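To start, the structure itself, in structure tokens.
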Amino acid sequence: MGACVAARQVLRWSVRSATSSALFSPLRFGCCHVQPLCISRRLLCSSGSDCILQSNHHGVTDLSGKHAAELSLRSLVNMGFTDSQAEQIYETVSKAKGASSAKHALSALSSLFALGLNASTVGKLLEKCPQLYTIKESQFQQRIGNLRRQGLGEGSLQRVVSHYPQILVVPMKKINNVGMFLREKCLFTVQQVTEILRDSPAIIEEDLGELEYKFQYVYFRMGVKQAEMVKSKLFRFTLNEVRSRHCFLERRGLYQTPDKKGQTLIVNPKLNSILTVDQDTFLAQVAKASAEEYDVFQRLMAREWQAEEHQENFEAVSDDDEEEKDEENEGKKAYMRRKKK
Amino acid sequence: MALFMDTGLLLRKVNNLRCFTPRRNRVKEKWAATRAKYPPTTLALQHFDAAYGIQLGHLWPSVRAALLCERKYGALVNNFSDDDVLSDLQDQGCRDFISDTDLEVHLEQISAVGVEGESSDLSTKTSDISHQQLSPLQISRNIKCLVFPRGDITRFKPAKPDKFGLLGYYLMDAASVLPCLALDVQEGHNVLDLCAAPGGKTLTLLQTQCLGFLCVNDSSISRTLRLKRVLHSYTPKPFLSGDNLRITSFDGTKWGEIERDTFDRVLVDVPCTTDRHSLVEDDNNIFSRSRTGERRRLPQLQLELLLAGIEATHPGGEILYSTCTLSQTQNQSVVEQAIHLAQENHSIHLQVVDLKPLTHMFRKTFHFAPNLHLGEMVIPHLAANFGPIYMCKLKRLT
Numbered sequence: 017m018g019a020c021v022a023a024r025q026v027l028r029w030s031v032r033s034a035t036s037s038a039l040f041s042p043l044r045f046g047c048c049h050v051q052p053l054c055i056s057r058r059l060l061c062s063s064g065s066d067c068i069l070q071s072n073h074h075g076v077t078d079l080s081g082k083h084a085a086e087l088s089l090r091s092l093v094n095m096g097f098t099d100s101q102a103e104q105i106y107e108t109v110s111k112a113k114g115a116s117s118a119k120h121a122l123s124a125l126s127s128l129f130a131l132g133l134n135a136s137t138v139g140k141l142l143e144k145c146p147q148l149y150t151i152k153e154s155q156f157q158q159r160i161g162n163l164r165r166q167g168l169g170e171g172s173l174q175r176v177v178s179h180y181p182q183i184l185v186v187p188m189k190k191i192n193n194v195g196m197f198l199r200e201k202c203l204f205t206v207q208q209v210t211e212i213l214r215d216s217p218a219i220i221e222e223d224l225g226e227l228e229y230k231f232q233y234v235y236f237r238m239g240v241k242q243a244e245m246v247k248s249k250l251f252r253f254t255l256n257e258v259r260s261r262h263c264f265l266e267r268r269g270l271y272q273t274p275d276k277k278g279q280t281l282i283v284n285p286k287l288n289s290i291l292t293v294d295q296d297t298f299l300a301q302v303a304k305a306s307a308e309e310y311d312v313f314q315r316l317m318a319r320e321w322q323a324e325e326h327q328e329n330f331e332a333v334s335d336d337d338e339e340e341k342d343e344e345n346e347g348k349k350a351y352m353r354r355k356k357k
Numbered sequence: 337m338a339l340f341m342d343t344g345l346l347l348r349k350v351n352n353l354r355c356f357t358p359r360r361n362r363v364k365e366k367w368a369a370t371r372a373k374y375p376p377t378t379l380a381l382q383h384f385d386a387a388y389g390i391q392l393g394h395l396w397p398s399v400r401a402a403l404l405c406e407r408k409y410g411a412l413v414n415n416f417s418d419d420d421v422l423s424d425l426q427d428q429g430c431r432d433f434i435s436d437t438d439l440e441v442h443l444e445q446i447s448a449v450g451v452e453g454e455s456s457d458l459s460t461k462t463s464d465i466s467h468q469q470l471s472p473l474q475i476s477r478n479i480k481c482l483v484f485p486r487g488d489i490t491r492f493k494p495a496k497p498d499k500f501g502l503l504g505y506y507l508m509d510a511a512s513v514l515p516c517l518a519l520d521v522q523e524g525h526n527v528l529d530l531c532a533a534p535g536g537k538t539l540t541l542l543q544t545q546c547l548g549f550l551c552v553n554d555s556s557i558s559r560t561l562r563l564k565r566v567l568h569s570y571t572p573k574p575f576l577s578g579d580n581l582r583i584t585s586f587d588g589t590k591w592g593e594i595e596r597d598t599f600d601r602v603l604v605d606v607p608c609t610t611d612r613h614s615l616v617e618d619d620n621n622i623f624s625r626s627r628t629g630e631r632r633r634l635p636q637l638q639l640e641l642l643l644a645g646i647e648a649t650h651p652g653g654e655i656l657y658s659t660c661t662l663s664q665t666q667n668q669s670v671v672e673q674a675i676h677l678a679q680e681n682h683s684i685h686l687q688v689v690d691l692k693p694l695t696h697m698f699r700k701t702f703h704f705a706p707n708l709h710l711g712e713m714v715i716p717h718l719a720a721n722f723g724p725i726y727m728c729k730l731k732r733l734t
């Protein structure tokens, strides 16, 4: 971030002293602080979307030049949006209250373009996640920077943002908490945490308690280690999905919890082959059962789990003075406490 | 207890009678603080995986999953109750599986049944060889048992007493009704229920309301008490009088000596490893290590009970052997041996009665094991989680 600021300063000075240079011609229209940043991004980033950036800059700087925060349809189309997208953006911004809404929208658009996303993607993102309009410029940059620190480099960052724009809406603390939780409680490596954020960004919206239970279920009850969890994109699936499929296999005798030494009497199917396939393939190839059986099974399980939760709530009330001091087994004991009949 | 000086024997002074009480009747004083490493339910599951994995083959995973999940109940309608139980339950979505079949069953007349495919009108199509072999089907009458449709997991609410204090229906495994249907109790028959407790099948037999005399026996006194309680909750006093019913707690294996050649119908629902119960309940589980000897003697006990039942039937009468286990050693093997020994030792000639018509009749409700060479078996399935029930019907010819 420091380098960017420095670069920005350098450019400002060079800009002030420059006369007319083809490269810096857009700057004649004003000294909006957005511009140097865009350009510094262009210099520092090595993404190959130079020409898109160039044309987007023209569009953005055109707007900023007007100062009157006019976000007209024509300017939107100039940026590269389709007619329908431009209309939609215009409508959303007009409906939003507050004088600075248009300015926010502007900064949002420019920040998104600065990431290197093309107009159609940006249009889709804004449609999917209208809160993007309300993010302040500084927040935007901070959050992007934070994501980069989490390990999401070029390419990954753009991919995550385009698939899950909400990741820019949540405060940095939330993302950092999740990252810390995964590293410290679940003992994932830093690279694994980055991969999880990249493949399953929706994880940031999950309750940490629920996340912990899901992790413990897969780790202890299924005996699956971290590397396999990451490979099978575990955090894309809900706890119930994982539980249903696992219990179905377990009760059919096709999956066994490994013993202390990690051994089983049968070969367990890999987590990948259980989760990432669609239901029909799962039933046909892994479970070798009919859809009717699985449907009844899921309903029976839902009832069983509900009864367990009831029981658990009842016991938790009367269980408050127990304390676990053993650090090593704490994770497992907490899980077993919740799980016990 | 004092020392018996005059007998010349020195007995150690005994503080209490604990060492003289059989282990199963002792009160548990000390309760374990931690769970056992391999509880009886786990031992049972391991045992079944080994045995039934081979016996049932590719069917075993489905059966295993069904056994480990919540079972499905049926509501046996109490014909003695005042309330209109049938329509109440039907409003909730159940149907009586006994009358809800594709086939018509004439209880008095003999009719050949051979319905092919989905056709609702009856025609004696005997194009299929298996249909030609279907002998006429006669089942005990008046029995009504309601179940929720296939795949429906709704639970029954507990039965409520009517104005006379009798309960409207009895919740039991719907498959347990099948042995009573297969027994084909007819008007005025004298029936013996050799191992009756806890009383579900006895109650079912009473629903026919056409019995001459019913003898009910169970070797365990505590279980017989439970049986009596069940009967009192469901049956009016007149039907439980000494003219119609006799409840005893004798050793069932002795019946050949007590009442030889007496009964028209005998139901031998032997004690077994109760597969479903053994996988779920740790208490009093027959797979616990302390009961290993008892479990290994089961087939022998079952054989003796069946032979006693055979001896108690008069020639021309019928015996129905049933268990609630999938194990071949407790099912087919026992029946085969009994037939052989009856011939050898008592010159009793027995004929196996084909129950295929029964399985054909109820194939919509239950899953039956295919290709059993002797008898029929209901196997659990997640969508129809009844059973396991094995039954084999024998007719005494001599």
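One line per chain: the protein sequences are A and B, in this order.
Quick note: our numbering has the first sequence finishing at residue 357, numbered continuously throughout.
Quick note: our numbering has the second sequence finishing at residue 734, numbered continuously throughout.
Virtual Cβ for every residue (Gly too), placed ideally from N, Cα, C.
Everything numeric in this text was worked out from a predicted model, so none of it was measured.
Reference Val302(A); option with closest CA among Glu221(A), Leu203(A) and Ser289(A): Counting from one through the first sequence, the residue named residue 302(A) turns up at place 286. It is Ser289(A) whose Cα lies nearest to the Cα of Val302(A).
Residue-level contact to chain A via CB, Ile489(B), 8 Å cutoff: For this step, residue 489(B) is matched to residue 153 along the second sequence. Chain A, which has a Cβ nearer than 8 Å to the Cβ of Ile489(B), makes this yes.
Exposure of Ile390(B), with buried meaning 16 or more beta-carbon neighbours within 10 Å: Here residue 390(B) refers to the residue found at position 54 of the second sequence. Classification for Ile390(B): exposed.
Span of the beta strand (DSSP E), counted from its first residue to its last, around Cys481(B): What you label residue 481(B) is simply residue 145 of the second sequence in a count that begins at 1. Taken as a continuous stretch (DSSP letters only), the beta strand (DSSP E) holding Cys481(B) covers Cys481 to Val483.
Through-space distance from Ala124(A) to Leu148(A), alpha-carbon basis: Taking the first sequence and counting its residues from 1, one reaches residue 148(A) at position 132. Taking the first sequence and counting its residues from 1, one reaches residue 124(A) at position 108. In a straight line, the C-alpha of Leu148(A) is about 7 Å away from that of Ala124(A).
Option in Ala411(B), Leu708(B), Pro706(B) and Val421(B) with minimal Cα separation from Val483(B): Here the question's residue 483(B) lines up with position 147 in the second sequence. Each of Ala411(B), Leu708(B), Pro706(B) and Val421(B) was checked against the Cα of Val483(B), and the nearest Cα belongs to Ala411(B).
Helix, strand or coil at Ser126(A) [DSSP, three-state]: Here residue 126(A) refers to the residue found at position 110 of the first sequence. In the structure shown, the three-state DSSP call for Ser126(A) is helix.
Endpoints, the alpha helix (DSSP H) within which Met245(A) is located: Taking the first residue of the first sequence as 1, we reach residue 245(A) at position 229. Element bounds for Met245(A): Gln242 to Lys247.
Where Phe298(A) falls: helix, strand or coil (DSSP): Residue numbering aside, residue 298(A) sits at position 282 when the first sequence is read from its first letter. Looking at Phe298(A) - three-state DSSP - the assignment turns out to be helix.
Chain-ordered neighbours of Glu103(A) on chain B, where CB pairs are closer than 8 Å: The residue you call residue 103(A) lines up with position 87 of the first sequence. Simply none; closest approach about 49 Å.
Contact with chain A by Asp509(B), beta-carbon distance below 8 Å: Within the second sequence, the letter at position 173 stands for residue 509(B). Asp509(B) does not count as touching chain A.
Whether Pro397(B) touches Leu316(A) by CB criterion (8 Å): One-based indexing of the second sequence puts residue 397(B) at position 61. One-based indexing of the first sequence puts residue 316(A) at position 300. Not a contact, by the Cβ cut-off of 8 Å.
Other residues of its chain near Lys408(B): CB distance less than 6 Å, five sequence neighbours each side excluded: One-based indexing of the second sequence puts residue 408(B) at position 72. These residues qualify, in order along the chain: Asn721 and Phe722.
Asp611(B): first and last residue of the uninterrupted alpha helix (DSSP H) it sits in: In the second sequence, residue 611(B) corresponds to position 275, counting from 1. In the DSSP assignment, Asp611(B) falls within the alpha helix (DSSP H) that extends over Asp611 to Val616.
Contacts that Phe406(B) makes with chain A (C-beta to C-beta distance below 7 Å): Here residue 406(B) refers to the residue found at position 70 of the second sequence. The question names Phe, yet the displayed sequence has Glu at residue 406(B). Listed along the chain, the chain A residues whose CB falls inside 7 Å of the CB of Glu406(B) are Leu316.
Test item: CB-CB of Gly487(B) and Glu331(A) under 8 Å: On the second sequence, position 151 is the one that residue 487(B) refers to. On the first sequence, position 315 is the one that residue 331(A) refers to. Going by C-beta atoms, Gly487(B) is not nearer than 8 Å to Glu331(A).
Length at least 4, wholly inside the region 479 to 531 of chain B: the alpha helix (DSSP H) runs in chain order: Taking 4 residues as the shortest admissible run, the region 479 to 531 of chain B contains the following complete alpha helix (DSSP H) segments, listed from N- to C-terminal end: 513 to 519.
7 Å CB neighbourhood of Phe313(A) in its chain, flanking five on each side removed: Translated into positions along the first sequence, residue 313(A) becomes position 297. Contacts found: Phe264.
Where the region 397 to 424 of chain B meets chain A: residues whose CB sits under 7 Å from a CB there: Contacts with chain A (Cβ-Cβ distance below 7 Å) from the region 397 to 424 of chain B involve Pro397, Ser398, Arg400, Ala401, Leu404, Cys405 and Glu406, listed in chain order.
Secondary structure of Gln279(A), DSSP reduced to three states: Here the question's residue 279(A) lines up with position 263 in the first sequence. Coil, per DSSP.
Same chain, Cβ closer than 8 Å to Lys480(B), five either side skipped, listed in chain order: The residue labelled residue 480(B) in the question sits at position 144 within the second sequence. Within the same chain, Lys480(B) has close Cβ partners Leu412, Val413, Asn415, Leu422, Asp432, Ile434, Ser435 and Gln543.
Backbone secondary structure at Arg57(A) - three-state DSSP: Here residue 57(A) is taken as the residue at index 41 of the first sequence, counted from 1. Caution is warranted here: a pLDDT of 46 is assigned to Arg57(A), below 50, making its placement in the model unreliable, and the coordinate value is therefore given only provisionally. Look at Arg57(A) here: in three-state DSSP terms it is helix.
Between the CA atoms of Cys660(B) and His262(A) - distance to the nearest angstrom: Numbered from its first residue, the first sequence carries residue 262(A) at position 246. Numbered from its first residue, the second sequence carries residue 660(B) at position 324. Cα to Cα, His262(A) sits roughly 29 Å from Cys660(B).
Within chain B, partners of Val312(A) - CB distance below 7 Å: Locating residue 312(A) in the first sequence gives position 296, counting from the first residue. One finds Gly487, Ile489, Leu718 and Ala719 in chain B with Cβ atoms closer than 7 Å to the Cβ of Val312(A), taken in chain order.
Same chain, Cβ closer than 6 Å to Leu184(A), five either side skipped, listed in chain order: In the first sequence, residue 184(A) corresponds to position 168, counting from 1. Taken in chain order, the residues that qualify are Arg159.
Min CB distance Gly239(A) to chain B below 8 Å: Translated into the one-based positions of the first sequence, residue 239(A) becomes position 223. So, not an interface residue.
Test: Asp385(B) CB closer than 8 Å to a CB of chain A: Numbered from its first residue, the second sequence carries residue 385(B) at position 49. Yes, because at least one Cβ of chain A sits closer than 8 Å to the Cβ of Asp385(B).
Three CB pairs or more closer than 8 Å across the region 233 to 244 of chain A and the region 364 to 375 of chain B: Taking a contact to require three or more Cβ pairs closer than 8 Å, the region 233 to 244 of chain A and the region 364 to 375 of chain B do not qualify as touching.
DSSP-derived helix/strand/coil call for Met238(A): The count along the first sequence starts at 1 and reaches residue 238(A) at position 222. Correct three-state label for Met238(A): coil.
Inter-residue CB distance, Cys546(B) and Arg625(B) (contact presumed, cutoff 8 Å): In the second sequence, the residue the question calls residue 546(B) occupies position 210. In the second sequence, the residue the question calls residue 625(B) occupies position 289. With a beta-carbon spacing of about 47 Å, Cys546(B) and Arg625(B) fall beyond the 8 Å limit used to define contacts.
CA-to-CA distance, Pro494(B) to Asn193(A), given in whole angstroms: Taking the first residue of the first sequence as 1, we reach residue 193(A) at position 177. Taking the first residue of the second sequence as 1, we reach residue 494(B) at position 158. Roughly 50 Å separates the two Cα atoms.
Proximal chain B residues relative to Arg268(A), where beta-carbon distance stays under 8 Å: As a first step, residue 268(A) must be located in the first sequence, where it is residue number 252. The answer, in chain order, is Pro397, Ser398, Arg400 and Ala401.
Reference His709(B), options Leu404(B), Leu550(B), Asn667(B) and Thr437(B), closest by Cα: Stepping through the second sequence from its first residue, residue 709(B) is reached at position 373. Looking at the Cα atoms, Asn667(B) is the closest of the given residues.
Supposed contact pair Arg267(A) and Ala401(B) - C-beta distance, whole angstroms, cut 8 Å: Within the second sequence, the letter at position 65 stands for residue 401(B). Within the first sequence, the letter at position 251 stands for residue 267(A). Right, their Cβ atoms sit about 4 Å apart.
Helix, strand or coil at Gln182(A) according to DSSP, with G and I counted as helix: On the first sequence, position 166 is the one that residue 182(A) refers to. In the three-state reduction of the DSSP assignment, Gln182(A) falls in the helix class, which pools H, G and I.
Glu406(B), enclosing beta strand (DSSP E) - first and last residue: The residue given as residue 406(B) occupies position 70 in the second sequence. Per DSSP, Glu406(B) belongs to no beta strand (DSSP E) and is neither H nor E.
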